[in-house]
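K.L.:
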Amino acid sequence: MKRTRIVDILRAAAPGTEVLVKGWVRTRRDAKGFSFLEINDGSSITNLQVIAAEAMPGYDIVQRITTGCSVAVAGALTESPGTRQALELHAAEITVYGWADPESYPLQKKRHSFEFLREIAHLRPRTNTFGAVLRVRNALARAIHEFFQDRGFVYVHTPIITASDCEGAGEMFAVTTLKLEDIPRTKDCVDYAGDFFGRKTGLTVSGQLEGELLATALGDIYTFGPTFRAENSNTSRHLAEFWMVEPEMAFADITDDMDLAEDFLRHIFAACLERCADDMAFFDERVQRGAIETLRGIADSRFERITYTDAIDMLEKSGESFEYPVKWGLDLQSEHERYITEKKIKKPVIVIDYPREIKAFYMKLNDDGRTVRAMDVLVPRIGEIIGGSEREDRYDVLLDRMRAAGLSAEDYWWYLDTRRFGSVPHAGFGLGFERTVQFVTGMQNIRDVIPFPRTPGSAAF
RNA sequence: UCCCCUGUAGCUCAGUCGGUAGAGCAAGUGGCUGUUAACCACUGGGUCGCAAGUUCGAGUCUUGCCGGGGGAGCCA
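Just so we're on the same page, this note's numbering is the position in the first sequence counted from 1, plus 4.
Right, dumping it as structure tokens:
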């Protein structure tokens with residue numbers, strides 16, 4: 005007999021059906037003449053209640069089952085007299101695959117702090133919260149591919165190991181086969197001639213530049229892959245290894261980019277609400293009150309769009325006292341973004357046309373000469389969830405801006421070639437995947453929305 | 001990297017004025033029971049993060065180090 009997933013039983017099974025269920029025991033409670041077992045197989049946040057009667061073969065073994073044991077249960081589904089579940093499984097046979105010594109098994113049938121669970125990241129997927137996080141994460145990943153595939157975007161794979169330091173987006177992790185205890189040197193520099201690639205390389209901080217190369221051939225593309233930043237960032241919103249979604253569209257301007265970002269977020273949020281209803285109900289009840297309402301609101305409404313100049317004006321007239329100064333030319337601080345998106349507009353906001361000095365070299369210069377066609381999508385609680393722009397497609401302007409940024413044109417000859425040969429207007433953005441999972445679930449710390457987080461000083465598991 | 005908070009039983013925490021260690025949950029045993037964070041009783045469980053200092057005496061005060069958390073910067 006093939007095993008049935010608990011999610012399918014809860015969704016569709018009728019009383020009287022014979023099933024085989026396999027999973028992990030969450031709790032066991034004894035009653036007179038029988039035992040209740042709560043089984044979870046990861047397919048749903050809801051457990052299946054199993055009734056094991058005293059009369060069944062091997063009941064002495066059943067009574068040794070504790071939280072964390074893995075079991076197979078064969079039996080018939082019946083209507084449950086209890087109020088918390090419609091169906092329950094009356095066991096004819098129970099097999100224990102693996103025991104979990106209750107003296108040493110770290111997960112108890114009680115609430116644990118997220119800090120503690122991080123220390124047992126190998127076991128935390130077996131908890132309600134992390135099971136739900138990982139299913140939501142999966143639903144978002146699926147919706148992301150769906151969204152782009154449905155629109156004819158080509159999923160491309162940009163390199164993980166790279167020699168280019170995109171936009172100086174962050175410190176790179178070095179990739180080398182040189183012996184660290186004996187690094188070859190030329191005067192005061194490391195000599196990479198004998199290294200694996202014969203040059204200095206690192207883990208990518210963004211696939212954008214390569215994405216542009218592919219978009220200026222295939223039209224519309226997207227990447228979805230891991231990204232690495234060796235920044236010493238210790239916050240609830242930063243990881244050293246995180247996943248990023250980066251679409252890039254040829255023949256597109258900043259407005260197309262904003263439209264895409266907005267449709268994209270609305271699509272993945274709606275898909276999540278639809279496909280992870282139980283998990284979302286859990287987050288709404290236990291993690292972040294109002295999570296569902298917030299998401300539904302976003303999925304159903306247009307985002308507010310304002311220029312950086314308007315944003316500065318709004319902040320200056322707010323009457324709020326900010327820790328950091330508000331002045332045209334200075335970047336928006338977390339507190340400023342939070343005021344705009346949480347207090348003033350109370351929904352996602354797209355801010356465009358930032359001063360050129362505070363944005364990356366590849367962003368298209370506006371005709372005013374002082375702002376660029378950048379856009380940041382800000383959401384309540386998280387802040388920046390998407391950063392994007394129309395790209396500078398004019399060779400001379402791009403070259404000037406690269407030089408101003410201190411980048412060597414020789415290193416980026418291949419990037420500049422896209423502007424030398426058949427240059428087109430194009431635009432794209434980057435979405436922080438973990439921040440999106442954070443926003444959707446309401447989880448406070450980004451370390452709790454990725455199975456095995458990498459942060460400064462921590463790479464366990 | 002900076003600022004603030006914190007580290008006591010397996011987990012979550014309390015511990016007053018410096019006087020030698022407590023609760024709830026978990027675990028073990030027994031009881032009760034269509035239970036559902038089950039319930040009731042009893043039992044076991046501690047290098048108070050590490051090191052030094054002050055003191056007759058330090059979980060408690062001081063310093064350093066290490067770990068964890070929150071905020072900021074950098075960004076996604």
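All residues carry an ideal CB built from backbone N, CA and C; glycine is no exception. For clarity, every value in this text was computed on a predicted model and none was experimentally measured.
Taking just the CA atoms, how far does V179 sit from Y358?
P.N.:
Going by the C-alpha atoms only, they are around 34 angstroms apart.
K.L.:
Note down the Cα distance separating L52 from R439, rounded to an integer number of angstroms.
P.N.:
Rounded to the nearest angstrom, the two C-alpha atoms are 32 angstroms apart.
K.L.:
Quick one: complete beta strand (DSSP E) runs, 3+ long, within the region 375-401?
P.N.:
Counting only runs of 3 or more, we get 375-383, 387-394.
K.L.:
Kindly give me the distance between the Cβ atoms of V77 and I69, rounded to whole angstroms, as I take these residues to be in contact under 8 angstroms.
P.N.:
The pair is not a contact, with the Cβ atoms about 11 angstroms apart (cut-off 8 angstroms).
K.L.:
Taking the C-alpha atoms as reference points, what is the distance between R115 and R128?
P.N.:
About 12 angstroms.
K.L.:
Give me the Cα-Cα distance between K191 and L420, rounded to the nearest whole angstrom.
P.N.:
Taking the straight line joining both Cα atoms gives about 32 angstroms.
K.L.:
Counting only the same chain and skipping the five closest in sequence on each side, list residues whose C-beta sits under 8 angstroms from that of L403.
P.N.:
Hits under 8 angstroms: A413, L420.
K.L.:
For R1, which of V381, E361, F433 has the nearest alpha-carbon?
P.N.:
Any property of residue 1 remains undetermined from this structure, which presents the chain solely from 5 to 465.
K.L.:
Is the beta carbon of V381 less than 7 angstroms from the beta carbon of I354?
P.N.:
For V381 and I354, yes; Cβs fall inside 7 angstroms.
K.L.:
Could you check whether D195 and R203 sit closer than 7 angstroms to each other, using their CB atoms as the reference points?
P.N.:
No, Cβ-Cβ distance for R203 and D195 is not below 7 angstroms.
K.L.:
Report the three-state DSSP secondary structure of G301 (helix, strand or coil).
P.N.:
Helix at G301.
K.L.:
So for M176, helix, strand or coil by DSSP?
P.N.:
Three-state result, M176: coil.
K.L.:
Is the separation between the beta-carbon of A90 and that of G79 shorter than 7 angstroms?
P.N.:
Not a contact, by the Cβ cut-off of 7 angstroms.
K.L.:
Tell me whether the region 261-278 and the region 318-330 touch, counting them as touching only if at least three CB pairs, one residue from each stretch, are closer than 8 angstroms.
P.N.:
Cβ pair count under 8 angstroms is below three, so no.
K.L.:
Check the DSSP bridge columns for C193 and list the partner residues they point to.
P.N.:
Per DSSP, T190.
K.L.:
Cα separation between M406 and D397?
P.N.:
Between M406 and D397, the C-alpha separation is close to 13 angstroms.
K.L.:
Is the distance from the Cβ of T259 to the Cβ of G215 below 7 angstroms?
P.N.:
Not in contact: T259 and G215 (Cβ atoms no closer than 7 angstroms).
K.L.:
Is there contact between the region 454-462 and the region 234-253, where contact requires at least three CB pairs shorter than 8 angstroms?
P.N.:
Short answer: they touch.
K.L.:
Please report the straight-line C-alpha distance between M379 and G391, rounded to a whole angstrom.
P.N.:
So the two alpha carbons sit approximately 6 angstroms from each other.
K.L.:
If T231 and S210 are in contact, beta carbons under 8 angstroms, what's the gap, nearest whole angstrom?
P.N.:
Their Cβ separation, rounded to whole angstroms, is 6 angstroms, which keeps T231 and S210 in contact under 8 angstroms.
K.L.:
Return the first residue and the last residue of the beta strand (DSSP E) that V100 is part of.
P.N.:
Its beta strand (DSSP E) spans residues 91-102.
K.L.:
Grab me the residues of H126's own chain with a C-beta within less than 6 angstroms of its C-beta, minus the 5 sequence neighbours each way, in chain order.
P.N.:
Cβ neighbours of H126 beyond the five flanking positions: F465.
K.L.:
Looking only at its own chain, which residues have a Cβ that is under 8 angstroms from the Cβ of V428, when we skip the five neighbours before and after it?
P.N.:
Result list for V428: T220, A254, F255, D397, in chain order.
K.L.:
Can you tell me which residues form a DSSP beta bridge with I231?
P.N.:
One detail in the question is off: residue 231 reads as Thr in this sequence, not Ile. Answer by DSSP bridge pairing, in chain order: F246.
K.L.:
Would C280 be called buried (16 or more neighbouring beta carbons within 10 Å of its own) or exposed?
P.N.:
Answer is buried; the Cβ neighbour count reaches 16.
K.L.:
For a minimum of 3 consecutive residues, which ranges assigned as the beta strand (DSSP E) are wholly contained in the region 281-342?
P.N.:
DSSP runs (the beta strand (DSSP E)) wholly in the region 281-342: 308-311.
K.L.:
As a quick exercise: from R233, W103, G333, pick the residue whose alpha carbon is nearest that of L314.
P.N.:
Note on residue identity: the sequence assigns Asp, not Leu, to residue 314. Out of R233, W103, G333, G333 has the C-alpha closest to the C-alpha of D314.
K.L.:
What are the boundary residues of the alpha helix (DSSP H) that D421 is part of?
P.N.:
From DSSP, the alpha helix (DSSP H) with D421 extends over 417-424.
K.L.:
My output table needs one value for G432: the three-state DSSP class, helix, strand or coil.
P.N.:
Residue state, collapsed to three classes: strand.
K.L.:
From the DSSP output, which residues share a beta bridge with K26?
P.N.:
In the DSSP output, where bridge partners are listed per residue, K26 has A76.
K.L.:
Less than 7 angstroms between C-beta atoms, sequence neighbours within five positions excluded: which residues of the same chain meet that for S108?
P.N.:
So the list is empty, once near-sequence residues are dropped.
K.L.:
Please report the distance separating the alpha-carbon of E171 from that of R30.
P.N.:
Its pLDDT being 49, under 50, E171 is placed unreliably in this model, and the coordinates cannot settle the point.
K.L.:
So is T99 buried or exposed if we call it buried at 16+ other beta carbons inside 10 Å?
P.N.:
By the neighbour-count rule (16 or more Cβ atoms within 10 Å), T99 is not buried but exposed.
K.L.:
Assuming the contact rule is C-beta atoms closer than 8 angstroms, D261 and A431 should be a hit. Round their C-beta distance to whole Å, please.
P.N.:
Rounded, the Cβ-Cβ distance is 4 angstroms, consistent with contact.
K.L.:
Beta-carbon within less than 8 angstroms of Y399's beta-carbon, same chain only, minus the 5 sequence neighbours each way: which residues are those?
P.N.:
The answer, listed in chain order, is L420, R423, R424, S427.
K.L.:
Which first and last residues belong to the beta strand (DSSP E) in which N44 is found?
P.N.:
Counting along the chain, the beta strand (DSSP E) containing N44 begins and ends at 38-44.
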